[in-house]
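> So the protein sequences, as listed, match chains A and B. Following the numbering used here from start to finish, the first sequence increments by one per residue and tops out at 142. Following the numbering used here from start to finish, the second sequence increments by one per residue and tops out at 142.
There are 2 protein chains.
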Amino acid sequence: MDIAEVAKASGLPASTLRFYEEKGLIHSSGRSGLRRLFSANVIERLTLISLGRSAGFSLDEIGEMITPEGPDINRTLLLAKADELDRKIKELTAMRDGLRHAAACNAPNHFECPKFLRLLRVAGKNRVRQPNKLKDNKLKRGAQLT
Amino acid sequence: MDIAEVAKASGLPASTLRFYEEKGLIHSSGRSGLRRLFSANVIERLTLISLGRSAGFSLDEIGEMITPEGPDINRTLLLAKADELDRKIKELTAMRDGLRHAAACNAPNHFECPKFLRLLRVAGKNRVRQPNKLKDNKLKRGAQLT
DNA sequence: ATACAAGTTCAAGTCGACTTGAAGTCAAGT
DNA sequence: ACTTGACTTCAAGTCGACTTGAACTTGTAT
C-alpha cells in the first residue's frame, strides 16, 4: 500500500505516518522510487498505537510495549501498565460519578455535600500531574478501522 | 494562607498556582503588599482541578465546569462529560485486558490471537487523537491532599 | 535600619506530538 | 515533451501546560 492508502485506512494523516516511522513505531516495507510502501499489517500496528495513545501512553512508552514483531514483549512492563490503567480507571469512574452527582444534586455548594466529598476523596488518591487535553479532533477524515 | 502554604498543601508549585490564577481557575482573596493571600477553600478547588486534569480534561474545559462558586454549573455539560468518561473507561478497560492478555498469551504474534483481536476491536471504537503522556512526575514535593 | 528569604512580574523556554511550508522528485496521463 | 498531482525531505511552527530566569519588591527577623 502507498502512504495515502494507509492514511485512508487508518484515519491518520500522512504526516503522522512519516513521523511515526521516523520514531520507529512503524516501518515501511520498501520504496518505489522515493515513495514508501507499506505492508497491510501496518494497519493493525497503527490500531494498537492509537489505542495506546488513547489509553494515555506516550509514543515512547508505546514504542517499548510493541516490538518490531513477534514475541519479546516485556511482560513485566505490560503488567505494570495494566496496573496503572486499573488505577486510572478507578479514578475516572469516581470522576464520572462525581460529575453525575454534581449534575443531579442541588446542594448550594458541592463542597458541602458529603456524597460529593466522598467521591472526591476516592478519586483523589493516585493523583498525577497530567499534561494535556482530550478534545474534539476525533475521527479525522471519517475513516474508522473497524 | 500565602502561596507557599497553598503550594505545600496542594502539592503544586507556586508557579502553577500563579498560572492557574492567571487563567482564572483559582482566585486569591487579596494581597498583603504584593503577596497573594488565599482562603482555605482554594485547596478544595485545586483538588477538583487536579482531579479533572487527571480525568483528561483540559484546563479550559475545567474552567467551564467549575464556576467562581455556588450553583450555575452547566448540568448538561457535566452529563456530557460523564458520558465521555464512560466511553474512555470502556476503552481503558479493554486496553487493560488487552495488556494482561498479551502478557499471558504465548501466541507467536498477538495479531493472530483471536482473543487479542477481539479486545482490540472492542477498544477500537471511539478512538481519539490524543496529545500527550502520563509520566513519572507524580506527587511532587511529597504533599497529598488526603 | 538592614538584610534577606520569599514573594512578585513578564518574557521566554521546554516538552511531546504533531503540522505546515518550501523546495524538490517522479510516475502517469495528454 | 510536459504538466500535474502525489509523493519526498528538512526545518520551523503550533498548542497546551507549565517552568525558568532576570530583575524587582517587601514582610519579618536580627
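Ideal Cβ placement from N, Cα and C applies to all residues, glycine included. From a predicted model like this one, the values you see are computed outputs, not experimental measurements.
1) Report buried or exposed for B:K77, applying the criterion of at least 16 other Cβ atoms within 10 angstroms of its Cβ.
2) Is B:A78 close to chain A? Criterion is C-beta to C-beta, closer than 7 Å.
3) Report all residues from its chain with a CB closer than 6 Å to the CB of A:L115; omit the five preceding and five following residues, and keep chain order.
4) Can you name the start and end residues of the alpha helix (DSSP H) that A:L8 belongs to?
5) Quick check on A:M(-3) - is its C-beta less than 7 Å from some C-beta in chain B?
6) Please report the Cβ distance between B:R32 and B:D79, rounded to the nearest whole angstrom; I am assuming they are in contact, meaning their Cβ atoms lie under 8 Å.
7) When DSSP labels each residue in this structure, what does A:L115 get in the three-state scheme?
8) Which residues share a DSSP beta bridge with A:R27?
9) In the DSSP assignment, the alpha helix (DSSP H) including B:H97 goes from what residue to what residue?
10) Kindly indicate the opening and closing residues of the alpha helix (DSSP H) around A:I45.
11) If I follow the unbroken alpha helix (DSSP H) through B:D(-2), where does it start and stop?
12) Count the other C-beta atoms from every protein chain shown that fall within 10 angstroms of the C-beta of A:G66, then say buried if there are 16 or more, exposed otherwise.
13) For B:K84, which residues in chain A fall below 7 Å Cβ to Cβ?
14) Give me the subset of the segment 94 to 114 of chain B whose CB atoms are less than 7 Å from a CB atom of chain A, sorted by chain position.
15) B:E18 CB to nearest chain A CB: under 7 Å?
16) For B:T63, return the contacting residues in chain A, with the cut-off set at a CB-CB distance below 8 Å.
17) Have a look at B:H106 and A:R14 and give me their C-alpha separation to the nearest angstrom.
18) Using the beta-carbon of each residue, which ones in chain A are nearer than 9 Å to B:L116?
19) Reducing DSSP to helix, strand and coil, say where A:P104 ends up.
20) State the DSSP-derived secondary structure class of B:K19, mapped to helix, strand or coil.
21) In whole angstroms, give me the CA-to-CA distance for B:E1 and B:A100.
22) Assuming contact is defined by CB atoms lying nearer than 7 Å, are A:R41 and A:I22 in contact in what I supplied?
23) When the Cα of A:G7 is compared with those of A:I39, A:S25, A:L30, which residue comes out closest?
24) So, for B:T12: in the same chain, excluding its five sequence neighbours on each side, which residues have a beta-carbon less than 6 Å away from its beta-carbon?
25) For A:L135, which residues of its own chain have a beta-carbon under 6 Å away from its beta-carbon, when the five flanking residues on both sides are left out?
26) From what residue to what residue does the alpha helix (DSSP H) around A:I62 run?
Quick look at the numbers:
1) Counting Cβ neighbours within 10 Å, B:K77 comes out buried, since at least 16 surround it.
2) So yes, B:A78 belongs to the interface.
3) Correct list, in chain order: A90, D93, G94.
4) Per DSSP, A:L8 belongs to no alpha helix (DSSP H) and is neither H nor E.
5) Not an interface residue.
6) Rounded, the Cβ-Cβ distance is 37 Å, inconsistent with contact.
7) When secondary structure is reduced to three states using DSSP, A:L115 falls in the helix class.
8) DSSP, once it has assigned bridges, lists A:R32 as partnering A:R27.
9) Taken as a continuous stretch (DSSP letters only), the alpha helix (DSSP H) holding B:H97 covers 71 to 100.
10) The continuous alpha helix (DSSP H) containing A:I45 extends over residues 38 to 50.
11) No residue range can be given for B:D(-2), since it is assigned to no alpha helix (DSSP H) and is classified by DSSP as neither H nor E.
12) Because the pLDDT of A:G66 is 45, which lies under 50, any placement of that residue in the model is unreliable, and the number read from its coordinates should be weighed accordingly. Flag for A:G66 reads exposed.
13) In chain order: L88.
14) Within the segment 94 to 114 of chain B, the qualifying residues are L95, R96, A98, A99, P104, N105, F107.
15) It does not; no Cβ of chain A falls within 7 Å.
16) Going along chain A, no residue has its Cβ under 8 Å from B:T63, so there is no contact; the nearest lies around 10 Å.
17) For B:H106 and A:R14, the distance between alpha carbons rounds to 24 Å.
18) Going along chain A in sequence order, the residues near B:L116 (Cβ under 9 Å) are E40, T43, L44, L47.
19) The three-state secondary structure of A:P104, taken from DSSP, is coil.
20) If DSSP states are grouped into helix, strand and coil, B:K19 belongs with coil.
21) B:A100 has its alpha-carbon roughly 47 Å from the corresponding atom of B:E1.
22) Going by C-beta atoms, A:R41 is nearer than 7 Å to A:I22.
23) The shortest C-alpha to C-alpha distance from A:G7 to any of A:I39, A:S25, A:L30 is the one to A:I39.
24) Around B:T12, the same chain offers no residue with a beta carbon nearer than 6 Å, after the five sequence neighbours per side are excluded.
25) Note that A:L135 scores 30 on pLDDT, short of 50, meaning its location in the model is unreliable; the coordinates nonetheless yield the value given after this. A distance below 6 Å between beta-carbons, with the five flanking residues on each side excluded, links A:L135 to no residue of its chain.
26) Per DSSP, A:I62 belongs to no alpha helix (DSSP H) and is neither H nor E.
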